[in-house]
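Undergrad: The numbering of the sequence shown is the UniProt record's numbering, which starts it at 1 and goes up by one. Even glycine gets a Cβ: it sits at the ideal position worked out from N, Cα and C.
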Amino acid sequence: MELLQLVYGTNIIRIEDKIKTIAKDYAGTLDDFSYTKLNYKETAIEQIIEEAQTLPFLTDRKVIVIEEAVLFTAQKAGGSAEHNIDLLIDYIQNKNDDTLLIFTVISEKLDKRKKVTKLITERGKQIEINEMTEKELMNYVRSVLDRQNVEISSEALNLLLEKTSYKYEAVHNEVSKLLLYCDGNISLQDVENVVSVSLEQNVFLLTDFILKNEKEKAVKLARELILQKEEPMKLLHLVIGQFRLLYQVKILNGEGYQEDNIAKTLKVHPYRVKLAMRHTRMYPLDALLKKMIICRDIDYKFKSSYLDRNALFELFILEI
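(1) What is the rounded straight-line gap between the Cα of SER165 and the Cα of LYS229?
(2) Which parts of the segment 134-198 are runs of the beta strand (DSSP E), unbroken and 3 residues or longer, counting only runs that do not cross its ends?
(3) In the DSSP assignment, the alpha helix (DSSP H) including LYS314 goes from what residue to what residue?
(4) Pair every Cβ in the segment 19-26 with every Cβ in the segment 132-148, then say whether three or more of these pairs are closer than 8 Å.
(5) Quick one: grab the DSSP three-state call for GLU259.
(6) According to DSSP, is TYR35 helix, strand or coil?
(7) Which value, in whole angstroms, describes the spacing of the CA atoms of VAL141 and TYR306?
(8) Can you give the Cα-Cα distance for LEU221 and LYS41, rounded to whole angstroms?
(9) The beta strand (DSSP E) with THR117 in it runs from where to where?
(10) Let me confirm a value: TYR181 is counted as buried when at least 16 other C-beta atoms fall within 10 Å, else exposed. Which label applies?
(11) Report the partner residues of GLN5 according to the DSSP bridge assignment.
(12) Is the segment 61-74 in contact with the segment 89-96, if contact means three or more CB pairs nearer than 8 Å?
(13) Would you report the Cα separation of LEU238 and LEU245, rounded to the nearest angstrom?
(14) Go to GLU224, then tell me how far its beta strand (DSSP E) extends in each direction, as first and last residue.
(15) Quick one, which of ALA287, VAL197 and LEU312 has its alpha-carbon nearest ASP297's?
(16) Where do the ends of the alpha helix (DSSP H) carrying GLU51 lie?
(17) Name the DSSP bridge partner or partners of VAL63?
(18) Grouping DSSP H, G and I as helix and E and B as strand, with all else coil, what is ALA27?
(19) Give me the residue from LYS135, LEU315, ILE19 and GLU231 with the minimum Cα distance to GLN5.
(20) Taking only the alpha-carbon atoms, compute the straight-line gap between GLN75 and LYS217 and give it to the nearest angstrom.
(21) Return yes when the Cβ of ILE22 is within less than 8 Å of the Cβ of ILE102, no when it is not.
(22) Would you kindly check if the distance between the Cβ of ILE317 and the Cβ of LYS215 is under 8 Å?
(23) Within 10 angstroms of its Cβ, does ILE85 collect 16 or more other Cβ (buried), or is it exposed?
(24) Rounded to whole angstroms, how far is the Cβ of GLN248 from the Cβ of PHE204, which I believe are closer than 8 Å?
(25) Along the alpha helix (DSSP H) that carries PHE302, what are the first and last residues, could you check?
As structure tokens, this is what we get:
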């Protein structure tokens, strides 16, 4: 096994699961002697290297996980620790201890221009954690429920995934809630009662109302989201992002790209592309372009006007 590993992605729970798997494969049972977590933003590189080179105590092998290792991305480190990157580069080039060092970072991509990123790719192993596919999520939910001798109907499972926008972390949390709520099998009504609708799903629904010219429903949903403490500016940018996605998907689909290729090209979740494809079939490209222009204009108004932003957001919904 490579003793230098870099695990990155946006799914925190899946990253944690992957780290534990790698660590157990190397060290066996994980305890305070064999498994240590350090935070890059709070721990100097000198201390990280010293810990890695210290012989394990009461165990044969040792694993150190360095969280928030933003040095491999374009993000700024921040935090309280000062870092000598050259010292880490020298350590990676000449590593001769038996400690498994796992760097983790919550990021969609790495900065491959950096010397330290190139080096850990050459001397170690780089693992990208992607979102689960629809089929993988279904299998995951059923496997968790099977262990508890609980069944879920196909309709209820589909609704669960839709309400969580097919995000593993949200699915994981909502399944835990369902198991506490339900005595036996999980029904469609159980999912309706218990599972929270994700912000992403609400934004998709809001965009759907706007495109269908159902202004009253759109304004009502917008007011509900604002009552839930969602900022109008944030909602505006999410809606603009949704229209931008529709426009991009329409163009790529017209060029012959399929759903999975579009998701990879745009670096978005396949489920978002799947939903976008439903809309793009109904609207011509020039209609979506007009929506994009209105989005641009209202974004300028938000940034330059002193008017109430709640009112501005409702005005945007009525105008678009």
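TA: Judging by the given coordinates:
(1) Spanning the two alpha carbons is a distance of roughly 20 Å.
(2) Segments of the beta strand (DSSP E) lying fully in the segment 134-198: there are none.
(3) Lys is not the amino acid found at residue 314; the sequence shown has Glu there. Run containing GLU314: 309-319, per the alpha helix (DSSP H) assignment.
(4) Using a C-beta cut-off of 8 Å, the segment 19-26 makes no contact with the segment 132-148, since fewer than three inter-stretch Cβ pairs fall below that distance.
(5) Helix, per DSSP.
(6) Look at TYR35 here: in three-state DSSP terms it is strand.
(7) When rounded, the distance between both Cα atoms is 48 Å.
(8) 40 Å
(9) That residue, THR117, is in no beta strand (DSSP E); its alpha helix (DSSP H) goes 115-123.
(10) exposed
(11) For GLN5, the pairing in a beta bridge is given by DSSP as ILE102 and LYS125.
(12) Three or more beta-carbon pairs separated by less than 8 Å are not found between the segment 61-74 and the segment 89-96, which leaves the two stretches without contact.
(13) The straight-line gap from Cα to Cα measures roughly 10 Å.
(14) Element bounds for GLU224: not the beta strand (DSSP E) but the alpha helix (DSSP H), 215-227.
(15) LEU312
(16) 45-53
(17) TYR35 and LEU100
(18) helix
(19) ILE19
(20) 39 Å
(21) yes
(22) Taking 8 Å as the cut-off, the beta carbon of LYS215 is found closer than this to the beta carbon of ILE317.
(23) exposed
(24) That pair is no contact at about 15 Å.
(25) Here the alpha helix (DSSP H) through PHE302 covers 285-304.
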